[in-house]
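Structure first, commentary second.
In the numbering used here, the protein residues as written are 19 to 509.
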């Protein structure tokens, strides 16, 4: 990540305000109606350009199909992904994908006389681009539903082109599967080839069924194959804009953030070595738990790496950075200790913004403590007569509660990793993990997260298995060599 000292102004902010104020979807449906009209006419770019409308029933039919398809898609997302529909950025992003694919598809249609035959233009609509972007930044399920929507959209025109619909659906589905596991830049060329090949094969099968052997033209399959490559190229170029709109980091960027030589991790290792190793442990715990409950393991691991970067400002005030036992908290009041500890949240967010981290990473910084109590210094203040039972709120973190599975998992991993350090008897590991998870649960720190009690059980098992592997004692694993046993080795 490159360091930037300029204030971050997101170009999408003003539009976001309008999306929020109208709840998003009335504006979305207005855009859909406009796009339906766009699909309902063709422009003949001959010597004398003429705007020629389709026959009236086809205008109505195209518009009705588009509006109903988008309406059903939105309704499905409201049912399956209600938290997603409450996010103005995600609504704007998904709407932008639909608009972009529609505009690109119409552009191909208008340029068809100069590039390809008009009947070939439908096979160049970049459905795979839209499905791939939705998969990368939102999820595979949303990407697949969008692939279905855009595939039907690609086949609209004078009549529904069944071959184009199936070829576009094949390319879009292949894009979902490939982009769901995109991790390296070198994966993109292969992804383009696979998406194109899948589209070609489905085009061939559909063409033989719909058109028959005599009418089928195998050369038309080339355009479906080319569509996959073009879609991946356009998708790659659109990644920066998609990150700005969604404030999410693409998988390639997440993998880059895990590199130990990335600027912030280098600083953390040099300035707060104890925190660095603690963060690695938290990331490993959180990653295994994320896999167990269907959360994003890559994002969760990155969140574990970066959740405590704010401790670099005053590393000596955190116990993991006190190897010599010198504790500066012994010289200050409990209230001052509380202020110093809680400040690492604000300072971490500022540092993350300074280095250009997106909101999907900064949320781990702002939410990993929630509003939990700093119990050690609260108890210390009680003993010194500087606090009462009613003043516990003065010793709470003033930050956000976890709102996603990923941030909640990192909160739990942070608590469990810290608790495991004070464990004397390895036989008590399972009970220690259970108590550590129960503490934030009973303190209402997880009430805004989508984690269920079943998820917590799976997370507990995942933490226990990972910690047991980390703490495994190799002594006694092998039989001791008898002292008087003869050997041929000479020393």
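Heads up, the beta-carbon is just placed ideally off N, CA and C, and yes, glycines get one too.
Own chain, CB closer than 7 Å to residue i, minus 5 neighbours either side, in chain order
i	result
residue 384	363, 367, 417 and 418
residue 158	194 and 198
residue 395	352, 355, 356 and 413
residue 39	Because residue 39 carries a pLDDT of 43, less than 50, the predicted location of this residue cannot be relied on, and no value is offered for it.
Opposing strand residues paired with residue i [DSSP bridges]
i	result
residue 414	391
Opening and closing residue of the alpha helix (DSSP H) in which residue i lies
i	result
residue 325	Segment: none, residue 325 is in no alpha helix (DSSP H) and carries neither H nor E.
residue 105	Residue 105 -> no alpha helix (DSSP H), and no H or E assigned at all.
residue 255	238–264
residue 278	Residue 278 -> no alpha helix (DSSP H), and no H or E assigned at all.
residue 443	Note, residue 443: premise wrong, no alpha helix (DSSP H); not H, not E.
residue 294	291–311
residue 409	Unbroken run through residue 409: none, as it is neither H nor E.
residue 466	Here residue 466 belongs to no alpha helix (DSSP H), and DSSP marks it neither H nor E.
residue 161	158–172
Residues near residue i in its chain [Cβ-Cβ closer than 8 Å; skip 5 each side]
i	result
residue 65	Note that residue 65 has pLDDT 38, beneath the 50 cutoff, so the model's placement of it is unreliable and no number is given.
residue 332	358, 361 and 362
residue 451	434, 437, 438, 478, 481, 482 and 485
residue 270	200, 201, 202, 203 and 257
residue 447	438, 441, 482, 485, 486 and 489
residue 466	419, 420 and 421
residue 287	278 and 294
residue 404	351, 352 and 353
DSSP three-state assignment for residue i, whether helix, strand or coil
i	result
residue 401	helix
residue 349	helix
residue 372	helix
residue 452	helix
residue 150	helix
residue 365	helix
residue 331	coil
residue 16	As displayed, the chain neither begins before 19 nor continues past 509, which places residue 16 out of reach and without an answer.
residue 420	coil
residue 198	coil
residue 99	coil
residue 513	Residue numbering for the chain in the displayed model covers 19 to 509; residue 513 lies beyond these limits and cannot be assessed.
residue 92	helix
residue 379	helix
residue 315	helix
residue 336	coil
residue 267	coil
residue 227	helix
residue 342	coil
residue 143	coil
residue 204	coil
residue 386	coil
residue 210	helix
residue 125	helix
Residues near residue i by beta carbon distance below 6 Å, same chain, minus five either side
i	result
residue 381	425
residue 310	476 and 480
residue 149	161, 164, 165, 190, 193 and 194
residue 308	315, 318 and 427
residue 275	320
residue 108	102
residue 155	260, 264 and 266
residue 429	386 and 420
residue 369	327
residue 188	216, 217 and 220
residue 329	290, 293, 336 and 362
- Cβ contact check for the stretch 392–402 and the stretch 436–446: 3 or more pairs under 8 Å: No, the stretch 392–402 does not touch the stretch 436–446.
- Message: If contact is defined by three or more beta carbon pairs under 8 Å, each pair taking one atom from either stretch, is the stretch 342–351 in contact with the stretch 291–300?
- Response: No, they do not touch.
- Message: Under 8 Å, with one C-beta from each stretch per pair, do the stretch 200–217 and the stretch 162–173 reach the 3-pair mark?
- Response: Pairwise C-beta distances place the stretch 200–217 out of contact with the stretch 162–173, as fewer than three of them are shorter than 8 Å.
- May I ask you to verify whether the stretch 277–295 touches the stretch 419–427, counting CB pairs closer than 8 Å and requiring at least 3? At 8 Å Cβ cutoff, the stretches do not touch.
- Task: Could you tell me whether the stretch 219–227 touches the stretch 111–130, using the rule of 3 or more Cβ pairs below 8 Å?
- Result: Short answer: they don't touch.
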